[in-house]
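For reference, the structure discussed in these notes is given below.
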């Protein structure tokens, strides 16, 4: 029966080509626009650490003085050197890492290659294991390397391609900013989207290519950059950052179950109270421990324009759908005569209804295919836009499936009212008027 | 024309669902297009925000040294001399940020040292002769004197003290001292006092949060160094910026081959990047608006064609009974006008609703009422244009159709 309905549908659609094309085009444009914008939203609001974001937390506190009361209700998202080191050495979480952003010139042994600047991260040993960073060669450094400020580095795959043509470079030397570091590991491609562990370097900034133990980076005076907030009149010269009244480091911990989360919360609260009692913290003892997704939500990472675009596309889709319903209704009603004959010859209301719905479904399917084309085109245009986030806009399987489900559901929903109206035509009336 | 209204209304009643759908489509289109045009206007006016600097002649070159950095100040002076020697260079300095340039340096500003919370968060600009290099207009007071400048790295390390003077923009001056002259007044920036010696026409921040705070900025008498994130700001003779940029990069590389040029851009390029997302959004809004209008127009054509085909016999009868072609044409035009009007009325209400939502989400101003008549005219015109071809086809139905079964 379905095959017969399909044949009828195709035949009927062929009869009015322009109208069919118009309906398919409207559905395709509406779906294409919606899928494009939804994909961008889906990518940008994604989970940077799938499977582990729920167990990675950012301890927050407020070490600032009373003088500058800029955002009393907003806790800094960074810590001072003193607090970072205290929490790191307390080692109360399963894993913890203290880090800062840098950018460092890299020189190649090949003199034909000009020195170039790459984004760097100065961090501690647990960074790789806590964030599940994959290695292609070698491994990260140890906590001992952190303490002894060993001159080692982990490099990204892209830098390894550029400097060593993708060979295993473990054991070789990396020349950065006047310091020589021994490479202990090379990463497989990895990028956290959003760049959650340090939003100061851009919500969707590209991954770092050089990773150096924090202590080593400080000892070798590697260039630091990134967000910094200072208070008071103490020197905030680069050489004095260990004692400066500035928050400039990010601190993250891994806590695997609710019990450890609760006990870490108590520990953090105790630490903050202790600092207030010691007179180091001047503001009220407040602390927080959001996990990755809570933190991203708090920081409103997804650009508001992206949400606006989704609403715009959905509005457009709604107009396209209304348009299609209207046209389909007109088309079905015009076939009142044909429907009456079929009804008079014994076709049940149900079978007429089913047949018309199949016709609507065919339009939906064609619109979905067209919509997919529009979305692929739309995403290609998005990727041509400037900005670190644009290049991330790729269609994944979820969105691909969603396209077809949405298009067929939309077309059938759009066909429902017209089909129902048409199958209720009383056969006698129509036949008589002919 | 008006005589047609009654028969039209009774016909539309019989096609209530189709008519309702068309009205709904026109209403949605009207609401979305009104808001989209409003958003476009909002973005465009933002993108055209004047910077008050010599945009066409400026460029920024950022370099990064490799290895330990010694003799910071001497190096800066050498580089500046190198740049000044390039033909076509009018002025050059090391500055911390440019209007809409990306990296902002913010600080809290107080009028009284003991004040609990700051009166404003201001973006700070510094660099020797920055105002003169950028071409910012001074509207009151004076610019800094040469002896008032001190090196920013010495200040940060506590090796020097500031000369306690500052220049503010007229926007900030009016905000801090409404109705009074700001010259000679004292402000506290990051806890340090500074006397206002000059008022600038405008100098928008490098990164703007709320647009009305764009000119919450001041200039400090600090000499910037590249190692602190400063860049060389070069102003070229008019029309020579592109060549000067190329020469300047080459000269800086020649002076010290062991360094990396991180950025070398004309100001127009820097500004273009800052507004890139706004430009993309504007294009998107415009494209969606056009697509909406096209889809709606095609929808009207499609529906009208169906109605004409469906009513061929009735039209024939009317023609046979003496109705002129014009009368038939008018009938369909009036019908479309009525439907469009209903859509527009509903669309206006919807437009305001959407605007209210946007106001809450995006801190947008209220939709000015002038958008409504413009939107109405656009949709009426669209409807009439779309219905013309089917209506003409209806008008050409010969009376003889009435006699055919």
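Residue numbers (the numbering used here), protein chains in the order written: chain C, 1 to 434; chain D, 435 to 839.
Glycine is no exception: its CB is placed at the ideal position from the N, C-alpha and C atoms.
Within the region 688 to 721 of chain D, the residues whose Cβ lies closer than 8 Å to any Cβ of chain C are, in chain order, 692, 693, 694, 696, 707, 710, 711, 714, 715, 718 and 719.
Note that the region 522 to 534 of chain D does not touch the region 613 to 629 of chain D; fewer than 3 beta-carbon pairs, one per stretch, sit closer than 8 Å.
Residue 103 of chain C counts as buried, since no fewer than 16 other beta carbons sit within 10 angstroms of its beta carbon. In the DSSP assignment, residue 119 of chain C falls within the beta strand (DSSP E) that extends over 116 to 123. Under the three-state reduction of DSSP, residue 103 of chain C is assigned to strand. Judged by DSSP in its simplified three-state form, residue 813 of chain D adopts helix.
Cβ neighbours of residue 753 of chain D within its own chain (closer than 6 Å, five residues either side excluded): 833.
Against residue 500 of chain D, the close residues of chain C are 105, 107, 115, 177 and 178, in the order they occur along the chain (beta-carbon pairs closer than 8 Å). With 16 or more other Cβ atoms inside 10 Å of its own Cβ, residue 255 of chain C counts as buried. The C-beta of residue 59 of chain C has 16 or more other C-beta atoms within 10 Å across all chains shown, which makes the residue buried.
Rounded to whole angstroms, residue 150 of chain C and residue 188 of chain C show a C-alpha spacing of 23 Å. Within the region 576 to 598 of chain D, the residues whose Cβ lies closer than 8 Å to some Cβ of chain C are 587, 590, 591 and 592, listed in chain order. Between residue 551 of chain D and residue 545 of chain D, the gap from beta carbon to beta carbon reaches 8 Å or more. Collapsing the DSSP output to three states places residue 34 of chain C in a helix.
By the neighbour-count criterion, in which a residue is buried when 16 or more other Cβ atoms sit within 10 angstroms of its Cβ, residue 233 of chain C is exposed. Burial is judged here by how many other beta carbons sit within 10 angstroms of a residue's own beta carbon; residue 348 of chain C has fewer than 16 and is exposed.
Distance from the Cα of residue 708 of chain D is smallest, within the candidate group D:614, D:451 and D:639, for D:639. Exclusion of the five residues before and after residue 425 of chain C leaves 336, 339 and 340 as the residues of its chain whose Cβ lies within less than 7 Å of its Cβ. Inter-residue distance for residue 457 of chain D and residue 203 of chain C is about 43 Å (C-alpha atoms, whole angstroms).
Inter-residue distance for residue 269 of chain C and residue 284 of chain C is about 11 Å (C-alpha atoms, whole angstroms).
Straight-line measurement puts the Cα of residue 803 of chain D at about 14 Å from the Cα of residue 778 of chain D. The DSSP-derived three-state label of residue 493 of chain D is strand.
When rounded, the separation of the alpha-carbon atoms in residue 699 of chain D and residue 213 of chain C is 34 Å. For residue 626 of chain D, the enclosing beta strand (DSSP E) has its first and last residue at 626 to 634. Inclusion of residue 683 of chain D and residue 466 of chain D in the CB contact set at 8 Å is not warranted, their separation being larger than that value. Against chain D, the beta carbon of residue 320 of chain C has neighbours under 8 Å at 729, listed in chain order.
The C-beta of residue 78 of chain C comes no closer than 8 Å to any C-beta of chain D.
With fewer than three CB-CB distances shorter than 8 Å, the region 594 to 602 of chain D does not count as touching the region 516 to 524 of chain D.
Out of D:468, D:739 and D:441, the CA that lies nearest to the CA of residue 788 of chain D is found in D:468. In the DSSP assignment, residue 540 of chain D falls within the unbroken beta strand (DSSP E) covering 540 to 544.
One Cα belongs to residue 746 of chain D, the other to residue 768 of chain D, and the distance between them is close to 18 Å. Proximity of residue 471 of chain D to chain C, defined by a Cβ-Cβ separation below 8 Å, is not satisfied.
Sequence-distant partners of residue 577 of chain D (beyond 5 residues in either direction) whose C-beta falls short of 6 Å from its own C-beta, in its chain, are 565 and 632. For residue 425 of chain C, there is no enclosing alpha helix (DSSP H), since its DSSP letter is neither H nor E. Within the region 556 to 607 of chain D, complete beta strand (DSSP E) segments of at least 3 residues are found at 572 to 575 and 599 to 603, given in chain order. Within the region 326 to 347 of chain C, those residues whose Cβ lies closer than 9 Å to any Cβ of chain D are, in chain order, 326, 327, 329, 330, 331, 333 and 334.
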